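In the working numbering, the protein residues as written are -19 to 279.
Even glycine gets a Cβ: it sits at the ideal position worked out from N, Cα and C.
If you're wondering where the values come from, they're calculated on a predicted model, not measured in any experiment.
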């Protein structure tokens, strides 16, 4: 019994002495990790600034700078483990990482898929920062590209995180890639009005409205869309040159609608209200009707 206790004391003493001798190495390893974190941040920022000067693609620069930071941190931690005398731990981590790669791959298939998709998107993607896109029913502006997701800000203020794999697999509608966006609206004129005259004055007004753009590829035009109950419906189509899909595009449309309304009234054209049909059923032979007439010439 005494021999066992003595053996245990000697073992503890040996471990303690080994620990004391290894303290400087452990402290050095901790310092290396702290310096490594600082160095990783510096290298990442330097890479970001340097690469940003060569390309106007902040999404790719942001993604690659984070990848560089992760790689530097991994290298520093492995070196620190070896300095601390934990080569076995470092080797074990690498071996375990390799051996468990397949298992983790199955368990976190979506995570890996999104990460690979993020790498692909960092070099080849259908959008840039602040582009207006739609994926499925998600509609908004691109804000950032991360390892697993793409962040989109919807126009009602919600932040949506779309998995990168969805961006790769699904159709992406980019509304502002080339800076041009087509707008349209309907206006109804009286059946007695001359359609050609209405189309001419409306088209001239649209082309002269502030914010409207037209060239050989982007043409403004007016067409007869349908015959309504009380109106001939004209569809007006025009282009706005803007990457600000919501505010700026809607401001241009508002200006055009206002100008079209004004020119229709100035040229003696009418925009009649819908005809309402009133039917009498059963024994009903009349209905009380009150007409509110206002004489514009009356002082």
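{"Query": "Nonlocal neighbours in the same chain, by C-beta distance under 7 Å from residue 187, ignoring five residues either side", "Result": "194 and 200"}
{"Query": "Burial state of residue 14 (16 or more Cβ within 10 Å)", "Result": "exposed"}
{"Query": "Nearest neighbour of residue 159, chosen from 189, 226, 174 and 6 [CA to CA]", "Result": "226"}
{"Query": "Spatially closest choice to residue 189 from 150, 218 and 209, by CA coordinates", "Result": "218"}
{"Query": "The region 133 to 147 in contact with the region 96 to 113 per 3-pair CB rule at 8 Å", "Result": "yes"}
{"Query": "Close-in-space but distant-in-sequence residues of the same chain around residue 16 (CB under 6 Å, 5 per side omitted)", "Result": "56"}
{"Query": "Residues sharing a beta bridge with residue 120, DSSP", "Result": "113 and 134"}
{"Query": "Three-state secondary structure (DSSP) of residue 251", "Result": "coil"}
{"Query": "Cα-Cα separation between residue 222 and residue 240, rounded to whole angstroms", "Result": "21 Å"}
{"Query": "Expected contact under 8 Å - CB spacing of residue 111 and residue 157 to nearest Å", "Result": "6 Å"}
{"Query": "Paired residues, beta bridge with residue 162 - DSSP", "Result": "219"}
{"Query": "Residue interval of the beta strand (DSSP E) (run including residue 207)", "Result": "201 to 207"}
{"Query": "Alpha-carbon to alpha-carbon, residue 12 and residue 20", "Result": "12 Å"}
{"Query": "Exposed unless 16 or more other CB atoms sit within 10 angstroms - verdict on residue 117", "Result": "exposed"}
{"Query": "Buried/exposed call for residue 173, threshold 16 Cβ in 10 Å", "Result": "buried"}
{"Query": "N- and C-terminal bounds of the beta strand (DSSP E) containing residue 142", "Result": "139 to 143"}
{"Query": "For residue 44, three-class secondary structure by DSSP", "Result": "helix"}
{"Query": "Nearest to residue 233 (by Cα), restricted to the options 261, 192 and 255", "Result": "192"}
{"Query": "heavy atom of the ligand GTP below 7 Å from residue 179 C-beta", "Result": "The ligand content of the structure shown is nil, which means the ligand GTP is not present either."}
{"Query": "Segment limits, beta strand (DSSP E) that includes residue 154", "Result": "152 to 154"}
{"Query": "Rounded C-alpha distance that separates residue 151 from residue 115", "Result": "6 Å"}
{"Query": "Assigned secondary structure, residue 168 (DSSP; H/G/I helix, E/B strand, else coil)", "Result": "strand"}
{"Query": "Status (buried if at least 16 other CB within 10 Å, exposed otherwise) for residue 270", "Result": "exposed"}
{"Query": "Cβ-Cβ separation, residue 49 to residue 127 (assumed contact under 8 Å), whole Å", "Result": "Not quite, the Cβ-Cβ distance comes to about 11 Å (not below 8 Å), so this is no contact."}
{"Query": "Cβ-Cβ distance between residue 168 and residue 251 below 8 Å", "Result": "yes"}
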